[in-house]
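Line order of the protein sequences matches chains A and B. If you count the first sequence from 1, position 489 lands on 489 in our numbering, and the numbers rise without skipping. If you count the second sequence from 1, you need to add 1000 to reach our numbering. We treat Cβ as the ideally placed atom computed from N, Cα and C, and that holds for glycine. Note that the structure is predicted; figures quoted are calculated from it, not measured. Have a look at the structure below before the remarks.
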Amino acid sequence: MTESTFDDIFDDLIDPNEERQNFLSIFEALLPEASTLLVSEAGVLLAGARPLALAPSERERLVRETGATDGFVAGEAENGAHCQAVYLANLPAVLIFSCAAVRKDDLRSGSTSASLLRNTIDLALARQEREMLVADHEQAVRQISILQQQHGKLIEDNYRQYQLNQDREKEYARKLESEIAMQTAELREANVRLEEISRLKSDFLANMSHELRTPMNAIIGFSELLSEAPLSEEHLDYARTISQAAASLLTLINDILDLAKIEAGKLELEHLPFDLTEVVGNVAAMFKIPAREKGVEVACRIDSRIPRRIMGDGNRLRQILINLTGNAMKFTEHGEIDILIDHEQEASGRIVSRFSVRDSGIGIPADRVEAIFEKFTQADGSTTRKYGGTGLGLAICLQLVELMGGNLAVTSEVGKGSTFYFVIPLEEAPAENLPLREQQEAGLGKTGCGGRILLVEDNVVNQRLASILVTRQGYEVEVASDGAEALEHLRHQTFALVLMDVQMPNMDGMEATRRIRAIEADPALRHDYVGLRARQQPLAIVGLTAHARKEDEAACFQAGMNGFLTKPIVKAKLAVILSEMMPS
Amino acid sequence: MPSAKEILRKFTELKTLPHVAIKVTQLVNDDRSTMHDFEEIIKLDPVLVTRLLRLVNSSYFGLTQKVGSISKAVVFTGMTQLRNLVAVESLRGMFKGDGVDFSAQKLWLHSATVAILSGMIAKRIFGKNGEDVFLAGIIHDIGLIVENQVAGEQLREACKAFREGQGTLIECERKAIGADHAEVGYLLAKDWGLPHEVLSSIKSHHLSRQVKDVSCTGSILQLAEFMAGKMKYWPIAGPLEPLPSELTAHVKEKVADYKIIIRDLPGEMAKAKELYESDE
């Protein structure tokens, strides 16, 4: 690559003499009285505004001689005036000029005039260079301004970038938020759905229990009645078997209902005074007979520091102990079963007690311990085949103990036995009367001393069963198959008590009860009802329902009933309630 | 005779512009692109990353701290300079091969000279940002490379006819090939998504005899092309086209400026070599 000059490139369009001409005019401007001639290297003659007339021979001599020196060479113009010639390497050219102010010998090298003139020439040359410098400077200025622009643009760009990034970040944050919100909403919805499903399941179970209890009512009732009839030994055995099977089926139904209630969070523990010794004693007594048959001993021991009367849910505590003891009984072939209640500590008025049921049975392998607390699971599948049971019992116990503020746990050794235990705080009951069972049970023995009872029941089988039970208690029975019919009966006849089924077609027990109470409260209406008009006291109405839940009981009282019996009707309970309610 | 479009189509069947070059140009054209987007593209090409970091760490930028990340480098170079760097990098590989009638290697030297000169004229004389003009300079003769690839024989024929004075290069190309490199180059640059002024300057760099605006990219490109040709940076031996009169008048007016540019060109070329030249 050879470096080109401006002249190489723009030779076609640039006249190289233009520069020399330019120099001449600058020089003439600096030295106004001078006449000039410029001879280029190529021999081209250039004249200024005042051309110097010079003989060609003299011109050639001057050009020749200036080539040998860098000083001035004197000559003579055509008009006889002195002239001077000098070689200018920059152009390159020979400058010949004549100036009146300059004498012939003035320009000897070193003289003042010579220096002055040399300076003048340099100045004229420098003016051209200056043009270049100015252009150079201007180019530099332009480049700087471009750099400044670029710099500005970079800063702008970067700022824009910054803002873009910020926008994007915000957008991401927004997206993230909305996504979270969406997911939360979805989860919430799913949760609501699940709760709804759970509620539906509980309702379904409750309804199923009701549907199961109604036929159970008949089975239990009639098998009981059958056992009391004069039968052959064989038939009696059949009847008892039916009774026992029905009883265990009822237990299962109750368990399912309990579990459903616990899982729906609807199970509430009672907080009433009860006799702990009695509860434990009852449990032990329950297992006396099967224990004796098996040759197993059942013992119970309560720490003397634990008070007898306790506040809490005695029925549920009994249920737990029955379950645990029942289990122990099931898996123990010999030895003993102990129900122990130990005093652990006392804190803020509560007695922390440890309940244990210890057996000397087959024990539970360590790897199955967790599984036995699961629903429908026993230590292993073969257990079910051998020992029966559904595996619901422990699951219910676990939940009930938790509700009581404790944890059910087990220690066990295969072949030596198991101990199920839980530690719960007990609260001593204030020194008031216990609702004594003895009082209730007092009525058990005696039978009714007559009186008419209206039985309102839609199910024909149950009508028969209840009629028989009531008649056996020594009362007369009239049957109505729904609420409307019951009102019709009351219009024409008097009764001492009404046994009112709750769930019936046409008019249910609740509605019928509300109407009866309304009629009683209105003297005008009351007049039309023979069964109501003469009464001093409100007619006794006892609800009958397969719904054994607390809230069902409450609903009955809410509607105006005075008593409440769950189906299947237990003979003893019927006797108690009738003896209490029937006017003597 | 194939049209310019067909020639380009045949070419793109053989070779494609690097994805990086097209993507970076798109990002430059997009107001919403960020440094991060550039980084994502550039990091795909390790050679480019090295080149970019070398550029930004060169004395040209005079940074006190060494730049080690792509996005930071883009912050300093700016997007258009980055685009040019990518273009140089992408095109360099296509300018390979030598010959009597047509030499791609010489064409590369020519293109680089035109690019540098164009940039200098734009910045120093018109006070314009020289990056688009530089790119136009690098790419303006790409059409010849395309033709060489697709119709090499016909191109050499055209170059020969041109050398023998049978007409302008454009005329000889049209006769031998059916299209000319200005049109083909224009179409390629259009596919690339380059700015409008770059496109039109490529299309008209042999054609516009009437110059309306001496400071436009096309005029600067023509002037630089002329100067480079005079300096023998010209791949195809043959008569040079004369400068349009408006440009001649412009140079006459700015003699001192152009003297300086010619004086400074070797230095600028050395600098460009340092920044852009490959390690080969």
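By the neighbour-count criterion, in which 16 or more other beta carbons inside 10 Å mark a residue as buried, L194 (chain A) falls on the exposed side. Here DSSP, grouped into helix, strand and coil, assigns C1216 (chain B) to coil.
In the displayed model, T36 (chain A) falls within a strand according to three-state DSSP. When secondary structure is reduced to three states using DSSP, D1031 (chain B) falls in the coil class, being assigned neither helix nor strand. Taken through DSSP and simplified to helix, strand or coil, M1094 (chain B) comes out as coil. The Cβ atoms of L400 (chain A) and I320 (chain A) lie closer than 8 Å to each other.
Rounded to whole angstroms, the separation of the alpha carbons of Q183 (chain A) and P290 (chain A) is 58 Å. Non-local beta-carbon contacts of A559 (chain A) in its own chain, meaning distances under 7 Å to residues more than five positions away in sequence, involve M510, T513, R514 in chain order. Counted as a single uninterrupted DSSP element, the stretch harbouring Y529 (chain A) is not any alpha helix (DSSP H), since DSSP gives it neither H nor E. Contact with chain A is absent for I1138 (chain B), since none of that chain's Cβ atoms lies less than 8 Å from the residue's Cβ. Ranked by how close their Cα comes to the Cα of M504 (chain A), the residues A:S467, A:P523, A:V460 have A:V460 in first place. Not a single C-beta of chain A is nearer than 8 Å to the C-beta of N1057 (chain B). The three-state reading of DSSP puts G1229 (chain B) in helix, counting H, G and I together. Annotation: T5 (chain A) is outside any alpha helix (DSSP H) and is labelled neither H nor E by DSSP.
In this structure, the straight-line span from the alpha carbon of S579 (chain A) to that of E228 (chain A) is close to 22 Å.
Distances from the alpha-carbon of K1212 (chain B) to those of B:S1245, B:Y1060, B:Y1186, B:F1226 put B:S1245 closest. Bridge partners of R309 (chain A) according to DSSP: A:D275. Chain-ordered listing is empty here: chain B has no CB closer than 8 Å to the CB of Q84 (chain A), the nearest sitting near 30 Å. Residues of the stretch 129 to 147 of chain A with a Cβ closer than 7 Å to any Cβ of chain B, in chain order: E131, M132, A135, D136, Q139, R142, Q143, S145, I146.
With a 10 Å radius around the Cβ and a threshold of 16 neighbouring Cβ atoms, F274 (chain A) comes out buried. As computed with DSSP, Q345 (chain A) is found in a beta bridge with A:V352. With contacts defined by Cβ atoms closer than 8 Å, L497 (chain A) and V542 (chain A) form a contacting pair.
Three or more Cβ pairs drawn from the stretch 1019 to 1029 of chain B and the stretch 1175 to 1195 of chain B lie within less than 8 Å of each other, which places the two stretches in contact. Within the stretch 1021 to 1081 of chain B, the complete alpha helix (DSSP H) segments of 4 residues or longer fall at 1035 to 1042, 1046 to 1057, 1070 to 1077, listed in chain order. Per the coordinates, the alpha-carbon of F1095 (chain B) lies some 25 Å from the alpha-carbon of E1164 (chain B). Counting the other CB atoms within 10 Å of its CB gives A246 (chain A) a total of 16 or more, which places it among the buried residues. Shortest Cα-Cα distance from L317 (chain A) to any of A:F355, A:E333, A:T411, A:H492 involves A:F355.
Contact annotation for A1256 (chain B) against chain A: E131, M132, A135 [CB-CB distance below 7 Å, chain order]. For H82 (chain A), the enclosing beta strand (DSSP E) covers residues 82 to 88.
Taking all protein chains in view, the Cβ of D70 (chain A) is surrounded by fewer than 16 other Cβ atoms within 10 Å, so the residue is classified as exposed. Annotation: the continuous alpha helix (DSSP H) that includes F1162 (chain B) extends over 1152 to 1163. With a threshold of 8 Å between beta carbons, T1034 (chain B) makes contact with chain A. Using a Cβ-Cβ cut-off of 8 Å, N158 (chain A) counts as an interface residue toward chain B, since at least one Cβ of chain B sits closer than that to its own. When only Cα atoms are considered, L1221 (chain B) and L1275 (chain B) end up about 22 Å apart.
The beta carbon of N165 (chain A) falls within 8 Å of a beta carbon belonging to chain B, placing the residue at that interface. Around R533 (chain A), the same chain offers R526, H527 as residues with beta carbons nearer than 6 Å, after the five sequence neighbours per side are excluded.
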